[in-house]
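Sequential numbering of the sequence shown, starting at 5, is according to my numbering. Here a beta-carbon is modelled for each residue, glycine too, at the ideal position from N, C-alpha and C. Treat the numbers as computed from the prediction; the structure is a model and nothing was measured. As structure tokens, the structure follows; a few thoughts come after it.
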Amino acid sequence: MRIATYNVEWFDGLFDRKGRLFDDGRWSGRWDVTTAQQTEGLGIVFSALDADAVMIIEAPDSSLRRDGRVALRNFAERYGLRAREAITGFTNDTQQEIALLYDPDVVDAVHDPKGDDAVPAFNSQIEMDVDIDSHPEPIRWSKPPLEVAMRTPNGPLRLIGVHAKSKAPHSARNNAEAIRNAIQNRRKQLAQCIWLRKRVTQHLEAGDDLIVLGDFNDGPGLDEYESLFGRSSIEIVLGEGEAIRMFDPHAQMALGRRVGAMPTTARFKRKGQPYLQALLDYVMVSPGLRDKDPRWQIWHPFDHPDCYADQTLREALLLASDHFPVVLDINL
């Protein structure tokens with residue numbers, strides 16, 4: 005089976021309120037890219053992926069007047085994708101949902117959120133003292149993780165799709181405020197990932213096969229504030245100390261070195277400056293799944309030989325999003 009995660013920058017901007025594709029010369033949410041260019045690029049990428057299931061980060065919006073599932077089904081029909089059924093979880097007000105697009109002929113999938121007194125549901129809140137002042141603060145997810153119960157030809161599988169809080173100090177008016185915001189954002193992000201890890205631990209202790217995948221907006225050594233807290237959110241979710249560990253080879257590579265070449269999953273344009281590249285997207289698997297011949301790929305247009313050699317796919321990846329798919333092929 006092929007399972008992927010893909011953050012599609014402003015996917016929502018390609019659809020009208022009825023979920024119909026714009027696909028014309030108007031500008032998309034991407035810089036200097038029309039809706040026609042982005043739509044065609046995404047069609048090429050998703051067709052080439054030919055995945056059994058794709059966890060889409062920044063999926064089309066769902067609200068009282070819109071349904072992101074309809075938009076994704078229309079997109080899949082337009083490009084003849086076998087992954088043509090879509091589910092979403094708890095909706096949010098950011099116009100960036102988390103959705104699973106999957107092939108109903110291969111797997112069954114349902115939104116199956118968990119929650120109890122020890123680890124609340126992700127659409128609620130948890131109390132945590134993030135600023136170490138002895139007063140717990142309410143922590144909420146702006147984009148609650150999507151918990152999926154999946155039935156595969158090889159048995160049940162759990163997926164958790166994640167879009168963790170960005171650490172970027174948006175709207176800061178000066179450098180001092182940017183520093184304060186960045187530190188506070190990292191505290192909140194770490195708290196979210198501690199909450200997520202508690203749910204992961206419940207599944208691992210129950211013996212579930214589990215994949216945690218998506219955009220964590222973080223990675224080992226990614227910014228200077230990590231040293232203040234001693235760890236990244238990725239290390240928390242993977243597991244620390246004597247905990248049962250999740251595994252992602254790209255995370256493992258980054259954890260093992262702070263200098264030299266590292267894998268990257270995102271490429272951001274900066275005005276008048278070189279592109280900024282980062283490892284933000286992960287596909288983590290539980291111990292039992294490591295025995296099922298898992299193979300990971302990042303479809304980076306300049307780092308993956310096959311993506312680079314295929315000029316049409318290479319250009320499509322650059323037009324489609326500022327992130328690139330992370331692909332897991334596994335014997336399920």
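Q.
Assuming the contact rule is C-beta atoms closer than 8 Å, N148 and L200 should be a hit. Round their C-beta distance to whole Å, please.
A. Strictly speaking, residue 148 in this sequence is Pro, with Asn absent from that position. Actually they do not touch by this definition, with Cβ atoms about 10 Å apart.
Q: Specify, as a first and last residue, the run of the beta strand (DSSP E) that N78 falls within.
A: Following the DSSP letters along the chain, one finds N78 in no beta strand (DSSP E) but inside the alpha helix (DSSP H) bounded by residues 72-83.
Q) Got a sec? Which residues, its chain only, sit under 7 Å from L25 by beta carbon, not counting five neighbours each side? A) Same-chain partners within the cutoff: L18, F19, T43, N78, F79, R82.
Q) Quick one: is Q277 buried, meaning 16 or more other Cβ sit within 10 Å of its Cβ, or exposed? A) With fewer than 16 other beta carbons inside 10 angstroms of its own, Q277 counts as exposed.
Q | Where the beta strand (DSSP E) through V289 begins and ends | A | Its beta strand (DSSP E) spans residues 285-289.
Q: Decide if H92 is buried, meaning its Cβ has at least 16 other Cβ atoms within 10 Å, or exposed.
A: Just to set this straight, residue 92 is Thr in the shown sequence, not His. Burial call: buried.
Q. Rounded to a whole number of angstroms, what is the C-alpha to C-alpha distance between G45 and I238?
A. Cα-Cα distance, rounded: 30 Å.
Q.
Counting C-beta neighbours from all protein chains within 10 Å, is the total for E230 16 or more, i.e. buried, or is it exposed?
A. Reliability fails at E230, whose pLDDT of 49 lies under 50, so the model's placement of it is uncertain and the value that follows must be treated cautiously. With 16 or more other Cβ atoms within 10 Å, it is buried.
Q | DSSP bridge partner residues for N11 (one or two, in chain order) | A | Its beta-bridge partners are I61.
**Q.** C-alpha distance - K22 paired with R70, whole-angstrom precision
**A.** Each residue's Cα considered, the two are about 6 Å apart.
Q.
With H, G and I counted as helix, E and B as strand and the rest as coil, what does DSSP make of T92?
A. In the structure shown, T92 sits in a strand (DSSP, three-state: E or B).
Q) Once you ignore the five residues that flank V152 on each side, which residues in its own chain have a CB closer than 6 Å to its CB? A) Only L104, A113, L163 meet the Cβ criterion.
Q: Use the C-beta contact count for F272: other C-beta atoms within 10 angstroms, 16 or more gives buried, fewer gives exposed.
A: Counting every other CB atom within 10 Å of its CB across the protein chains shown gives F272 a total below 16, marking it as exposed.
Q) Buried or exposed: L232, going by 16 or more other Cβ atoms within 10 Å of its Cβ? A) Low confidence applies here, because L232 scores a pLDDT of 47, under 50, leaving its location unreliable and the question unanswered by this model.
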